[in-house]
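The opening position of the sequence shown corresponds to residue 6 in mature numbering (1 follows the signal peptide of the UniProt record, and there is no 0), with each subsequent residue numbered one higher. Positions of the beta carbon are idealized from the N, C-alpha and C atoms, including for glycine.
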Amino acid sequence: DKVGFAIVGLGKLSLGQLIPGLKVAKGAKLAAVVSGHPDKARRVAAENGLPADAVYGYDDYDRMAQDPRIQVVYIVLPNALHAEHTIKALKAGKHVLCEKPMATTIADAEAMIAAAKATNRHLMIAYRCHYEPLNLDVMRRLRAKSLGRVRQINTTMGRQADPSDPSDAWRLDAALSGAGALGDMGVYGISAARYLLNEEPVAVQAWAWTDPADPRFKETQDLINWQFRFPSGVIANGSTSFAYAPTMAFEAICEQGRLVADPAAFYGGNRLTVVKGGQAQPPVPAPPVDQFAREMDWMADVVRGKAPMVSPGEEGLQDMRLMQAILDSAAKDGATVRTDWGYRRAVDP
Ligand code: NAD
Numbered sequence: 006d007k008v009g010f011a012i013v014g015l016g017k018l019s020l021g022q023l024i025p026g027l028k029v030a031k032g033a034k035l036a037a038v039v040s041g042h043p044d045k046a047r048r049v050a051a052e053n054g055l056p057a058d059a060v061y062g063y064d065d066y067d068r069m070a071q072d073p074r075i076q077v078v079y080i081v082l083p084n085a086l087h088a089e090h091t092i093k094a095l096k097a098g099k100h101v102l103c104e105k106p107m108a109t110t111i112a113d114a115e116a117m118i119a120a121a122k123a124t125n126r127h128l129m130i131a132y133r134c135h136y137e138p139l140n141l142d143v144m145r146r147l148r149a150k151s152l153g154r155v156r157q158i159n160t161t162m163g164r165q166a167d168p169s170d171p172s173d174a175w176r177l178d179a180a181l182s183g184a185g186a187l188g189d190m191g192v193y194g195i196s197a198a199r200y201l202l203n204e205e206p207v208a209v210q211a212w213a214w215t216d217p218a219d220p221r222f223k224e225t226q227d228l229i230n231w232q233f234r235f236p237s238g239v240i241a242n243g244s245t246s247f248a249y250a251p252t253m254a255f256e257a258i259c260e261q262g263r264l265v266a267d268p269a270a271f272y273g274g275n276r277l278t279v280v281k282g283g284q285a286q287p288p289v290p291a292p293p294v295d296q297f298a299r300e301m302d303w304m305a306d307v308v309r310g311k312a313p314m315v316s317p318g319e320e321g322l323q324d325m326r327l328m329q330a331i332l333d334s335a336a337k338d339g340a341t342v343r344t345d346w347g348y349r350r351a352v353d354p
């Protein structure tokens with residue numbers, strides 16, 4: 006039997022990727038929709054063959070608690086609302102899959118983890134790249150030292166924010182998004198540096214620059230660049246912006262060549278170029294799998310006890326702490342901030 010998911014928030018990601026993903030998922034299925042817009046929710050439910058009583062409002066967690074069709078609640082709201090809804094869903098007895106960035110404050114992320122412990126429910130952060138074949142392939146090549154030791158990682162994650170799109174308007178609003186481009190796009194680079202290397206940074210230096218004349222950035226910062234130092238001696242450079250052309254790319258520079266994933270984390274069309282010596286081999290396209298279906302199927306398997314938890318709340322919290330360290334360093338124009346607080350991931354993806 007498939008594991009039933011309730012999707013909370015029917016915005017771009019839910020309608021464009023997650024509900025379609027649940028149609029092709031093998032172990033997960035759409036069981037309910039949760040929205041602040043009853044008309045939209047009823048329409049989406051009807052379009053997806055859900056009964057009328059599988060439509061919920063944001064304050065309906067008591068009724069959800071009584072609904073055995075729902076095992077997982079997937080939080081797909083603006084970042085500042087993740088903590089409140091995650092904790093309510095956990096208290097309703099449901100497992101939670103929560104979108105990235107996990108929260109807008111470290112305290113909220115800690116409260117989410119504590120709630121999962123207290124209720125003995127699973128809390129997974131929706132880091133789709135942990136489950137995506139091209140990213141997993143690069144991890145395997147690096148673990149196998151296929152091009153010798155890795156020396157440097159570069160990650161570039163950004164796009165142009167469009168304030169006329171409601172889906173971007175809240176991302177430019179500090180109260181709803183937290184850290185703007187850093188939380189929305191930069192988090193992919195922070196996470197990638199950590200999963201590519203399977204180690205944790207011990208120090209960071211960061212620099213930020215935001216055009217004071219750009220009306221998009223009244224509350225959030227635009228361009229942020231950082232440098233992580235890892236215990237092995239690897240250096241990871243990261244960059245994020247809401248004012249450069251869409252890019253989600255990374256590169257691992259090794260002793261004998263480079264692994265270039267560009268794009269590395271788009272919804273489709275990702276590809277890997279292996280450069281051996283100076284010679285680029287023909288690019289390898291990522292297998293055409295639905296990343297969102299894979300991630301939700303993984304969560305379903307975690308719930309069934311068939312798969313380990315690869316991206317728990319603790320992984321989200323580590324990225325939250327590293328984002329804070331980046332902002333702290335940038336506020337002091339690149340002062341070194343120590344990040345060796347001892348976090349280790351439980352499971353190598
Ligand atoms: P969106 O703006 O398109 O959708 C958000 C939904 O929340 C909307 O339906 C909106 O009506 C609702 N909402 C409820 N309260 C709101 C409030 N106070 N202000 C604004 N909207 C409110 O956003 P999205 O792009 O679907 O992003 C949702 C979440 O998913 C975010 O956390 C985002 O970071 C994450 N996301 C992840 C990926 C990924 O690849 N994993 C991609 C896109 C978005």
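Buried or exposed: which applies to W303, given that a residue is buried once 16 or more other Cβ atoms fall within 10 Å of its Cβ? Within 10 angstroms of the beta-carbon of W303 lie 16 or more other beta-carbons, which makes it buried.
Here's a check: name, in chain order, each residue in its chain whose Cβ is nearer than 8 Å to the Cβ of G339, leaving out the five neighbours to either side. Here the set comprises Q210, A211, W212.
Heavy atom of ligand 1 within 7 Å of K17 beta-carbon: Yes; taking the cut-off as 7 Å, the Cβ of K17 has a heavy atom of ligand 1 nearer than that.
For ligand 2, any of its heavy atoms closer than 7 Å to the Cβ of R146? Ligand 2 is absent from the structure shown, which contains only ligand 1.
Does G191 come out as helix, strand or coil in the three-state DSSP assignment? In the three-state reduction of the DSSP assignment, G191 falls in the helix class, which pools H, G and I.
Excluding the five sequence neighbours on either side, which residues of its own chain have a C-beta within less than 7 Å of the C-beta of I331, listed in chain order? Counting only residues of its own chain and dropping the five nearest sequence neighbours on each side, I331 has a CB closer than 7 Å to the CB of L187, V209, A211, I229, W231.
When you compare each of A336, Q296, Q329, F233 to A112 by their alpha carbons, which one comes out closest? Cα-wise, what sits closest to A112 is Q329.
Endpoints, the beta strand (DSSP E) within which L246 is located: The residue asked about is misnamed: residue 246 is Ser in this sequence, not Leu. For S246, the enclosing beta strand (DSSP E) has its first and last residue at 240-246.
Cutoff 6 Å; reference R299; Cβ partners in own chain excluding five residues on either side: Answer for R299: Y136, listed in chain order.
Is it the case that the stretch 101-115 contacts the stretch 272-280, given that we only count it when at least three CB pairs across the two stretches are under 8 Å? The stretch 272-280 vs the stretch 101-115: no contact.
I'd like to confirm something about V49: is its beta-carbon nearer than 7 Å to some heavy atom of ligand 1, or not? Remark: the shortest separation between the CB of V49 and any heavy atom of ligand 1 does not fall under 7 Å.
Quick check: is any heavy atom of ligand 1 less than 7 Å from the C-beta of W303? For W303, the Cβ stays outside the 7 Å cut-off from all heavy atoms of ligand 1.
Have a look at the DSSP bridge pairing and note the partners of N159. Partner(s): N242, E256.
Looking at C-beta atoms only, is the number of pairs between the stretch 218-225 and the stretch 243-257 that lie closer than 8 Å three or more? Under the 8 Å Cβ criterion, the stretch 218-225 counts as touching the stretch 243-257, having at least three qualifying pairs.
Leaving out five residues before and five after F271 in sequence, what residues of the same chain have Cβ atoms less than 7 Å from its Cβ? If we look at F271 and ignore the five residues flanking it on each side, its Cβ neighbours are M253.
So V61 packs on V39, CB below 8 Å; how close in whole Å? A quick correction: the sequence has Tyr, not Val, at residue 61. Yes, Y61 and V39 are in contact; Cβ-Cβ is about 4 Å, under 8 Å.
Is there contact here, the stretch 188-196 with the stretch 32-48, by at least three beta-carbon pairs under 8 Å? Taking 8 Å as the limit for Cβ pairs, the verdict is that the stretch 32-48 does not touch the stretch 188-196.
Check the DSSP bridge columns for residue 360 and list the partner residues they point to. Residue 360 is absent from the model: the chain starts at 6 and stops at 354.
Nearest to L147 by alpha carbon, out of C259, Q165, G32, M190? Comparing Cα-Cα distances from L147 to each of C259, Q165, G32, M190, the minimum goes to C259.
Top-ranked residue by Cα proximity to H90, from A120, R74, D72, Q71: The residue with the shortest Cα to Cα distance from H90 is A120.
Specify, as a first and last residue, the run of the beta strand (DSSP E) that G9 falls within. Segment 8-13, the beta strand (DSSP E) holding G9.
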